[in-house]
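These notes concern the structure reproduced below.
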Amino acid sequence: MTPIYAIGDIHGQKDMLDRALSLIATDGGPDAHVVFLGDYTDRGPDSLAVVQTLIEGKSTGRNWTLLKGNHDRLFSNFVRHGIAHDARIKSGLSWLNSRLGGENTLKSYGIDGQMHFDPHSPPQLERLAHFEGPTGWTDKAGLHLLAQRAVPTAHLDFLDGLPLTFETDDLIFVHAGLRPGIAINDQDIEDLIWIRDGFLDSKHDFGKLVVHGHTAIDYPAHFGNRIDLDGGAGYGRPLVPAVFEGRECWLLTGQGRVALTSD
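So this is what it looks like as C-alpha coordinates:
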(Lines of atoms letter the chains of each structure in order from A; the text may use other names.)
(Lines give C-alpha, C1' and ligand atoms only; values in the text may rest on other atoms or scores of the structure.)
Protein backbone atom coordinates (compact mmCIF):
# COMPACT_ATOMS: atom_id res chain seq x y z
CA MET A 1 0.00 0.00 0.00
CA THR A 2 1.44 3.35 -1.06
CA PRO A 3 1.60 5.76 1.88
CA ILE A 4 0.21 9.26 1.67
CA TYR A 5 1.54 12.09 3.80
CA ALA A 6 -0.22 15.16 5.18
CA ILE A 7 0.80 18.50 6.66
CA GLY A 8 -1.60 20.66 8.68
CA ASP A 9 -1.84 24.43 8.95
CA ILE A 10 1.56 26.05 8.32
CA HIS A 11 0.65 29.70 8.98
CA GLY A 12 3.83 31.31 7.70
CA GLN A 13 6.20 29.02 9.60
CA LYS A 14 8.83 28.38 6.92
CA ASP A 15 11.37 26.72 9.22
CA MET A 16 8.71 24.34 10.49
CA LEU A 17 7.66 23.55 6.93
CA ASP A 18 11.24 22.71 6.01
CA ARG A 19 11.51 20.35 8.96
CA ALA A 20 8.21 18.65 8.15
CA LEU A 21 9.27 18.11 4.55
CA SER A 22 12.59 16.70 5.74
CA LEU A 23 10.82 14.21 8.00
CA ILE A 24 8.59 13.15 5.11
CA ALA A 25 11.55 12.73 2.76
CA THR A 26 13.32 10.57 5.34
CA ASP A 27 10.27 8.34 5.73
CA GLY A 28 8.95 8.25 2.16
CA GLY A 29 11.63 9.57 -0.16
CA PRO A 30 11.64 12.60 -2.46
CA ASP A 31 8.63 11.42 -4.50
CA ALA A 32 6.26 10.99 -1.56
CA HIS A 33 2.70 12.18 -2.13
CA VAL A 34 2.02 15.00 0.32
CA VAL A 35 -1.37 16.61 0.95
CA PHE A 36 -1.27 20.11 2.45
CA LEU A 37 -4.40 21.09 4.36
CA GLY A 38 -4.35 24.85 3.74
CA ASP A 39 -3.70 27.98 5.80
CA TYR A 40 -0.25 28.69 4.43
CA THR A 41 -0.38 32.35 5.45
CA ASP A 42 -0.91 34.56 8.53
CA ARG A 43 0.37 34.64 12.12
CA GLY A 44 3.84 33.18 11.48
CA PRO A 45 6.78 35.30 10.31
CA ASP A 46 7.27 34.23 6.69
CA SER A 47 4.12 33.66 4.67
CA LEU A 48 5.88 34.86 1.51
CA ALA A 49 8.56 32.15 1.76
CA VAL A 50 5.97 29.45 2.52
CA VAL A 51 3.86 30.33 -0.51
CA GLN A 52 6.93 30.60 -2.73
CA THR A 53 8.17 27.19 -1.55
CA LEU A 54 4.84 25.59 -2.39
CA ILE A 55 4.69 27.24 -5.82
CA GLU A 56 8.22 26.12 -6.62
CA GLY A 57 7.53 22.59 -5.40
CA LYS A 58 4.54 22.22 -7.69
CA SER A 59 6.34 23.80 -10.64
CA THR A 60 9.22 21.34 -10.33
CA GLY A 61 6.89 18.36 -10.34
CA ARG A 62 6.70 17.46 -6.66
CA ASN A 63 3.85 15.06 -5.92
CA TRP A 64 2.01 17.59 -3.79
CA THR A 65 -1.73 18.15 -3.41
CA LEU A 66 -2.46 21.58 -1.95
CA LEU A 67 -5.85 22.54 -0.52
CA LYS A 68 -7.16 26.02 0.25
CA GLY A 69 -7.69 27.30 3.78
CA ASN A 70 -9.75 30.19 5.10
CA HIS A 71 -6.66 32.27 5.88
CA ASP A 72 -5.42 31.89 2.32
CA ARG A 73 -8.73 33.36 1.13
CA LEU A 74 -8.63 36.14 3.74
CA PHE A 75 -5.19 37.16 2.47
CA SER A 76 -6.24 37.11 -1.17
CA ASN A 77 -9.48 38.98 -0.48
CA PHE A 78 -7.62 41.85 1.13
CA VAL A 79 -4.93 42.16 -1.52
CA ARG A 80 -7.30 41.80 -4.46
CA HIS A 81 -10.36 43.61 -3.14
CA GLY A 82 -9.45 45.45 0.06
CA ILE A 83 -11.81 43.23 2.07
CA ALA A 84 -10.63 42.90 5.67
CA HIS A 85 -13.60 41.06 7.20
CA ASP A 86 -15.47 37.81 6.78
CA ALA A 87 -18.94 37.06 8.10
CA ARG A 88 -17.66 33.79 9.58
CA ILE A 89 -15.40 35.71 11.99
CA LYS A 90 -17.96 36.26 14.74
CA SER A 91 -15.65 38.51 16.75
CA GLY A 92 -15.64 41.06 13.93
CA LEU A 93 -11.86 41.25 14.03
CA SER A 94 -10.16 42.64 10.96
CA TRP A 95 -7.81 40.35 9.05
CA LEU A 96 -5.23 43.09 9.65
CA ASN A 97 -5.34 42.42 13.40
CA SER A 98 -2.31 40.49 14.65
CA ARG A 99 -4.66 37.93 16.24
CA LEU A 100 -5.74 36.85 12.76
CA GLY A 101 -2.28 37.38 11.36
CA GLY A 102 -2.64 39.68 8.40
CA GLU A 103 -0.19 42.15 9.86
CA ASN A 104 2.58 39.52 9.85
CA THR A 105 1.69 38.36 6.36
CA LEU A 106 2.02 41.87 4.95
CA LYS A 107 5.27 42.30 6.85
CA SER A 108 6.70 39.23 5.13
CA TYR A 109 5.99 40.96 1.81
CA GLY A 110 7.87 44.06 2.93
CA ILE A 111 4.98 46.13 4.35
CA ASP A 112 6.29 46.70 7.84
CA GLY A 113 4.53 48.99 10.26
CA GLN A 114 1.94 49.35 12.99
CA MET A 115 -1.80 48.88 12.63
CA HIS A 116 -3.96 51.36 14.56
CA PHE A 117 -7.62 50.44 14.91
CA ASP A 118 -10.51 52.85 15.42
CA PRO A 119 -11.58 52.69 19.09
CA HIS A 120 -15.03 53.87 17.98
CA SER A 121 -15.58 50.98 15.58
CA PRO A 122 -19.12 49.61 15.77
CA PRO A 123 -19.55 46.37 17.75
CA GLN A 124 -18.47 43.26 15.84
CA LEU A 125 -16.74 45.23 13.07
CA GLU A 126 -13.18 46.30 13.81
CA ARG A 127 -11.97 49.07 11.52
CA LEU A 128 -8.48 50.26 10.71
CA ALA A 129 -7.94 53.91 11.67
CA HIS A 130 -4.55 54.13 9.98
CA PHE A 131 -1.39 52.19 9.18
CA GLU A 132 1.85 53.69 10.46
CA GLY A 133 4.64 52.71 8.10
CA PRO A 134 8.25 53.85 7.70
CA THR A 135 7.21 56.67 5.35
CA GLY A 136 4.25 57.88 7.39
CA TRP A 137 0.58 57.16 7.97
CA THR A 138 -1.95 55.89 5.48
CA ASP A 139 -5.57 54.77 5.64
CA LYS A 140 -6.98 51.37 4.68
CA ALA A 141 -7.23 52.32 1.00
CA GLY A 142 -3.58 53.34 1.01
CA LEU A 143 -2.58 50.11 2.73
CA HIS A 144 -4.56 48.13 0.18
CA LEU A 145 -2.63 49.85 -2.60
CA LEU A 146 0.67 49.03 -0.90
CA ALA A 147 -0.39 45.39 -0.67
CA GLN A 148 -1.34 45.24 -4.33
CA ARG A 149 2.07 46.56 -5.26
CA ALA A 150 3.97 44.23 -2.92
CA VAL A 151 2.26 40.85 -3.37
CA PRO A 152 2.99 39.06 -6.65
CA THR A 153 -0.09 38.26 -8.68
CA ALA A 154 1.33 34.77 -9.12
CA HIS A 155 0.99 34.17 -5.37
CA LEU A 156 -2.67 35.22 -5.40
CA ASP A 157 -3.45 33.19 -8.53
CA PHE A 158 -1.85 30.15 -6.91
CA LEU A 159 -3.89 30.45 -3.70
CA ASP A 160 -7.14 31.28 -5.49
CA GLY A 161 -6.82 28.26 -7.75
CA LEU A 162 -6.39 25.63 -5.04
CA PRO A 163 -9.02 22.89 -4.62
CA LEU A 164 -11.02 22.44 -1.43
CA THR A 165 -11.02 18.65 -1.01
CA PHE A 166 -9.04 15.57 -1.97
CA GLU A 167 -10.13 11.94 -1.61
CA THR A 168 -8.55 8.50 -1.62
CA ASP A 169 -10.29 5.16 -1.16
CA ASP A 170 -10.05 5.58 2.61
CA LEU A 171 -9.57 9.28 3.34
CA ILE A 172 -11.16 12.68 2.75
CA PHE A 173 -8.77 15.60 3.10
CA VAL A 174 -10.29 19.05 3.71
CA HIS A 175 -9.22 22.22 5.47
CA ALA A 176 -11.96 22.69 8.07
CA GLY A 177 -14.36 19.77 7.85
CA LEU A 178 -17.67 18.54 6.45
CA ARG A 179 -21.33 19.07 7.21
CA PRO A 180 -22.71 15.68 8.38
CA GLY A 181 -25.33 14.08 6.18
CA ILE A 182 -24.40 16.01 3.02
CA ALA A 183 -22.62 14.40 0.07
CA ILE A 184 -19.16 15.78 -0.48
CA ASN A 185 -20.07 17.21 -3.89
CA ASP A 186 -22.96 19.11 -2.27
CA GLN A 187 -20.98 20.58 0.62
CA ASP A 188 -21.09 24.36 1.11
CA ILE A 189 -17.78 25.97 0.16
CA GLU A 190 -17.95 28.06 3.34
CA ASP A 191 -18.22 24.92 5.47
CA LEU A 192 -15.23 23.32 3.79
CA ILE A 193 -12.95 26.17 4.90
CA TRP A 194 -14.70 27.41 8.06
CA ILE A 195 -16.88 24.78 9.76
CA ARG A 196 -16.50 23.93 13.44
CA ASP A 197 -19.98 23.71 14.99
CA GLY A 198 -21.80 20.64 13.75
CA PHE A 199 -18.59 18.92 12.66
CA LEU A 200 -16.19 18.85 15.59
CA ASP A 201 -18.91 17.58 17.94
CA SER A 202 -20.28 15.01 15.47
CA LYS A 203 -19.71 11.24 15.56
CA HIS A 204 -21.14 10.90 12.06
CA ASP A 205 -19.58 8.21 9.87
CA PHE A 206 -18.53 10.01 6.70
CA GLY A 207 -17.72 6.71 5.00
CA LYS A 208 -14.05 7.63 5.02
CA LEU A 209 -11.72 9.03 7.67
CA VAL A 210 -11.75 12.85 7.47
CA VAL A 211 -8.32 14.50 7.76
CA HIS A 212 -8.49 18.23 8.48
CA GLY A 213 -6.86 21.24 10.07
CA HIS A 214 -8.34 24.69 10.84
CA THR A 215 -9.10 24.10 14.53
CA ALA A 216 -5.88 24.48 16.48
CA ILE A 217 -5.33 21.99 19.29
CA ASP A 218 -2.26 21.30 21.40
CA TYR A 219 -1.14 18.35 19.28
CA PRO A 220 -2.61 16.35 16.37
CA ALA A 221 -5.32 13.97 17.55
CA HIS A 222 -7.55 11.14 16.32
CA PHE A 223 -11.26 11.43 17.12
CA GLY A 224 -12.48 8.21 15.53
CA ASN A 225 -14.23 9.63 12.47
CA ARG A 226 -11.69 12.41 11.92
CA ILE A 227 -8.10 13.44 12.54
CA ASP A 228 -7.18 17.05 13.33
CA LEU A 229 -3.64 17.83 12.17
CA ASP A 230 -3.63 21.49 13.22
CA GLY A 231 -1.32 21.29 16.19
CA GLY A 232 -1.06 25.07 16.50
CA ALA A 233 1.96 25.98 14.38
CA GLY A 234 0.40 29.41 13.94
CA TYR A 235 0.80 29.89 17.70
CA GLY A 236 4.37 28.57 17.80
CA ARG A 237 3.67 24.91 18.51
CA PRO A 238 5.35 22.24 16.35
CA LEU A 239 4.17 21.41 12.83
CA VAL A 240 3.85 17.62 12.94
CA PRO A 241 3.37 15.79 9.62
CA ALA A 242 1.46 12.52 9.36
CA VAL A 243 1.60 9.43 7.17
CA PHE A 244 -1.38 7.25 6.24
CA GLU A 245 -1.56 3.70 4.99
CA GLY A 246 -5.23 3.11 4.37
CA ARG A 247 -6.95 4.52 7.46
CA GLU A 248 -3.97 3.83 9.70
CA CYS A 249 -2.09 6.93 10.77
CA TRP A 250 1.34 7.68 12.21
CA LEU A 251 2.89 11.02 13.16
CA LEU A 252 6.44 11.65 11.99
CA THR A 253 8.99 12.66 14.60
CA GLY A 254 12.75 12.85 14.81
CA GLN A 255 12.63 9.35 16.32
CA GLY A 256 10.48 7.91 13.52
CA ARG A 257 6.79 7.04 13.26
CA VAL A 258 4.47 7.25 16.25
CA ALA A 259 1.03 5.62 15.86
CA LEU A 260 -1.94 7.97 16.15
CA THR A 261 -5.05 6.15 17.31
CA SER A 262 -8.44 7.13 18.67
CA ASP A 263 -9.29 6.70 22.35
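What the sequence shown shows, in UniProt numbering, is residues 1 to 263, in sequence order.
By construction, the Cβ of each residue, glycine as well, lies at the ideal position given by its N, Cα and C atoms.
These numbers were taken from a predicted model, which means no experiment stands behind them.
Residue of the options minimising C-alpha distance to residue i
| i | options | result |
| --- | --- | --- |
| Ala-141 | Arg-127, Asp-197 and Thr-168 | Arg-127 |
| Asn-63 | Tyr-5, Ala-84 and Gly-101 | Tyr-5 |
| Arg-247 | Asn-70, Ser-59 and Glu-167 | Glu-167 |
| Ala-129 | Pro-119, Ile-182, Phe-158 and Pro-123 | Pro-119 |
| Leu-239 | Gly-8, Thr-2, Arg-43 and Pro-3 | Gly-8 |
| Leu-164 | Ile-182, Leu-143 and Leu-192 | Leu-192 |
Chain-order list of residues whose beta-carbon lies under 7 Å from that of residue i (same chain, five-residue window excluded)
| i | result |
| --- | --- |
| Ala-147 | Phe-78, Val-79, Leu-106 and Ile-111 |
| Leu-48 | Ser-108 and Tyr-109 |
| residue 267 | With the chain covering 1 to 263 only, the question about residue 267 has no answer from this structure. |
Helix, strand or coil at residue i [DSSP, three-state]
| i | result |
| --- | --- |
| Glu-167 | strand |
| Arg-257 | strand |
| Gly-236 | coil |
| Ala-6 | strand |
| Trp-95 | coil |
| Leu-209 | strand |
Contact check, residue i vs residue j, beta carbons under 7 Å
| i | j | result |
| --- | --- | --- |
| Tyr-109 | Val-151 | yes |
| Ala-176 | Trp-194 | yes |
| Leu-66 | Leu-162 | yes |
Backbone CA spacing between residue i and residue j [nearest angstrom]
| i | j | result |
| --- | --- | --- |
| Gly-57 | Asp-46 | 17 Å |
| Ala-154 | Asp-263 | 43 Å |
| Leu-21 | Ala-259 | 19 Å |
| Val-35 | Lys-208 | 16 Å |
| His-116 | Gly-82 | 17 Å |
| Ile-89 | Pro-241 | 27 Å |
| Asn-225 | Asp-197 | 15 Å |
| His-222 | Asp-230 | 11 Å |
| Gly-254 | Tyr-235 | 21 Å |
| residue 273 | Gly-136 | Nothing about residue 273 can be read from this structure; the chain reaches only from 1 to 263. |
| Pro-3 | His-212 | 17 Å |
| Pro-60 | Val-51 | The question names Pro, but residue 60 is Thr in the sequence shown. The straight-line gap from Cα to Cα measures roughly 14 Å. |
| Ser-76 | Asp-160 | 7 Å |
| His-85 | Asn-185 | 27 Å |
| Gly-133 | Leu-145 | 13 Å |
Beta-carbon contacts of residue i that lie in its chain and below 6 Å, excluding the five residues immediately before and after
| i | result |
| --- | --- |
| Pro-180 | Ser-202 and His-204 |
Contacting residues, own chain, Cβ-Cβ under 8 Å from residue i (five flanking each side not counted)
| i | result |
| --- | --- |
| Leu-54 | Phe-36, Tyr-40, Trp-64, Leu-66 and Phe-158 |
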